[in-house]
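Here's the structure we're looking at; comments come further down.
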Amino acid sequence: MTQETLALHFGYEKNDFGTMAVPLYQTTAYDFGNAERAANLFALKELGPIYTRLNNPTTEVLEARIAAVEGGEATLATASGQAAIFFAVVNLAEAGDNILVARKIYGGSTTLLTHTLKRFGITAKCFDSDDAHDLESLIDEKTKAIYFESLSNPQIAIPNVEKIVEIANKYNIVTICDNTVATPILFQPLKKGVDVVVHSASKYITGQGLAIGGLIISRVGLNDKLIGNAKYPQFNEPDESYHGLVYADLPFPLFTLRARLSLLRDIGAVPSPFNSWLFIQGLETLSIRMEKHSSNAYKVAKYLKAHPKVLSVSYPGLEDDLQHDKAKQYFKDAKTSGLLSFVVSDFESAKNILNNTKLFSVVVNIGDSKSIITHPASTTHQQLSTQELEAAGIPQGLIRLSIGLEDADDLIKDLAQAIG
Ligand SMILES: *Cc1c(COP(=O)(O)O)cnc(C)c1O
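So in my numbering, the last spot in the sequence shown is 422, and the numbers never skip.
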């Protein structure tokens, strides 16, 4: 079955009522029926609903469905994209370890991975994901994860996925790719050998800016990389918090299982069942929305490219874009989502354009059906120093657009009057 079909049907068996919509199980807990079943569930002899901090039937449909659409094995849904990234990384790295992080990533991920995790004893070393030329030299015996974005927000950079995967496999290190902007409709990192995909479901997956959520999806066969790998004792040695259970002995996808039973259990950043239900609605239309977001953005990018006040445009879907070859190599029909950026002369000009647009909302979000305009230097990336901004490829005059599902000509008219 294709992704379009899986996104509508996978992971849901109709109940006795024949309910067409996936039911919303808005509940905290579940009746085990008897003491034996309760004991089996707690001892992991049987997997099933225990408490909504661990799992929920509505969330399980979302998890199964996104795993199928990504071409992965298993999913853990979380309360936010940030929680997904945190869980994915600390499922691998502990105090004393280090992780390698692409320079061009989401600002929130940079602060989490390079600043907050440092206070937990996990240090980050940054690498250039465009060509990964410096990646191998940064690896040491304490390197536990390699983290990058498939289409980076806000730089819209496309990494050299093959090279990153090849180097990671040489050293038996797990790769994590944030696929939020590309979505599985345009690119499937797991099919390229990436080990773990994370998402902010708050963006294209919900699609209408309705809810915050995150997803962690593991590659089919990732167990083989974890089992017996001395880098990852947490999967291979007894877990004291589970009476000495060894994850590697269990016949399940271990990455998401451990993230659920250890991290989600203890830290609790679980999605509300209602939000999971919203993400299920979003997945149903994801493929047609990504087509329209991409074709609209293509038209807007072409318009901006020809504008005399625009210094540069970054949209890999454009034929003459520097990254177009990579877009063709990785992305479905070289379509690269609704995210594009352009640069005007300075900070003030960028702010004026934001203030003059009427159809675009000044919002720090992407992936909404309504178009959005953002000035990263004054908002999402304000916490970064000037040097960090430069290193992340974000000039002061950079404007990011998240092109929605409106008519492209209406969007172009609005930009025309705002730029002047
Ligand atoms: C928004 C975003 C995040 C963070 O997700 P939240 O759901 O807001 O916590 C992470 N990565 C990327 C690429 C994002 O765009």
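Note that the Cβ used here is the ideal one computed from N, Cα and C, for glycine as well.
Start-to-end residues for the alpha helix (DSSP H) that takes in residue i
i	result
arginine 291	275-307
alanine 393	388-393
glutamate 151	Premise fails: glutamate 151 lies in the beta strand (DSSP E), 145-151, not in any alpha helix (DSSP H).
valine 92	83-92
isoleucine 187	185-188
aspartate 425	This structure leaves residue 425 out entirely; the chain is present only between 3 and 422.
serine 351	349-358
Coarse secondary structure for residue i, derived from DSSP in three states
i	result
aspartate 117	Sequence inspection shows histidine at residue 117; the aspartate mentioned does not correspond to that position. Here histidine 117 sits in helix by DSSP.
tyrosine 53	strand
asparagine 36	coil
aspartate 132	coil
alanine 170	helix
aspartate 251	helix
leucine 43	helix
tyrosine 14	coil
histidine 201	strand
asparagine 231	coil
leucine 102	strand
lysine 127	strand
threonine 112	helix
alanine 79	strand
aspartate 322	coil
threonine 258	helix
leucine 212	coil
threonine 7	helix
aspartate 241	strand
serine 154	coil
serine 264	helix
isoleucine 368	coil
leucine 26	coil
leucine 192	helix
isoleucine 218	strand
alanine 97	coil
alanine 31	strand
Spatially closest choice to residue i from the options, by CA coordinates
i	options	result
glycine 390	Pro25, Asn100, Ala85, Arg105	At residue 390 the sequence reads glutamate, which differs from the glycine that was named. The shortest Cα separation from glutamate 390 among Pro25, Asn100, Ala85, Arg105 belongs to Arg105.
tyrosine 53	Phe349, Lys337, Phe34, Glu350	Phe34
methionine 292	Gly123, Ala213, Gly209	Gly209
serine 264	Phe44, Ala40, Met22, Gln5	Phe44
tyrosine 149	Thr185, Arg121, Pro191	Pro191
leucine 10	Tyr27, Pro310, Leu64, Gly50	Leu64
tyrosine 300	Asn225, Asp132, Ile414	Ile414
glycine 83	Ser371, Val315, Ile218, Gln398	Ile218
threonine 30	Ala40, Asp18, Asn57	Asn57
glycine 406	Asn367, Leu140, Pro25	Asn367
lysine 311	Asp322, Lys294, Ser347, Ser278	Ser347
phenylalanine 333	Tyr317, Lys144, Phe344	Tyr317
serine 154	Gly215, Phe237, Val200	Val200
aspartate 416	Gly110, Pro59, Leu306	Leu306
aspartate 133	Ser343, Ala336, Gln325	Gln325
threonine 112	Pro25, Phe88, Ala97	Phe88
glycine 369	Thr182, His383, Ser274	Thr182
isoleucine 269	Pro51, Ala86, Ala69	Ala86
phenylalanine 362	Asp335, Thr338, Val302	Val302
leucine 188	Gly230, Gln331, Glu408, Asn100	Gln331
With 16 other Cβ atoms within 10 Å as the buried cut-off, status of residue i
i	result
tyrosine 173	exposed
threonine 1	Lying outside 3 to 422, the shown extent of the chain, residue 1 is not represented and no answer is given.
threonine 21	exposed
glycine 223	exposed
glutamine 419	exposed
glutamine 186	Correcting the residue type first, residue 186 is proline in the shown sequence and not glutamine. Proline 186 comes out buried.
isoleucine 290	exposed
proline 253	exposed
proline 161	buried
lysine 193	exposed
arginine 67	buried
threonine 77	buried
glutamate 350	exposed
glutamate 164	exposed
Run of the beta strand (DSSP E) containing residue i, from where it starts to where it stops
i	result
valine 345	341-345
valine 226	The question names valine, but residue 226 in the sequence shown is aspartate. Note, aspartate 226: premise wrong, no beta strand (DSSP E); alpha helix (DSSP H) at 225-228.
isoleucine 160	Taken as a continuous stretch (DSSP letters only), isoleucine 160 belongs to no beta strand (DSSP E), as it is neither H nor E.
glutamate 65	It is not in any beta strand (DSSP E) - glutamate 65 instead sits in the alpha helix (DSSP H) that spans 59-72.
arginine 402	400-404
aspartate 142	It is not in any beta strand (DSSP E) - aspartate 142 carries neither H nor E in the DSSP assignment.
isoleucine 178	176-180
valine 315	314-316
threonine 376	374-376
9 Å Cβ cutoff, residue i in contact with chain D
i	result
proline 156	Among the chains of the structure shown, chain D does not appear; only one protein chain is present.
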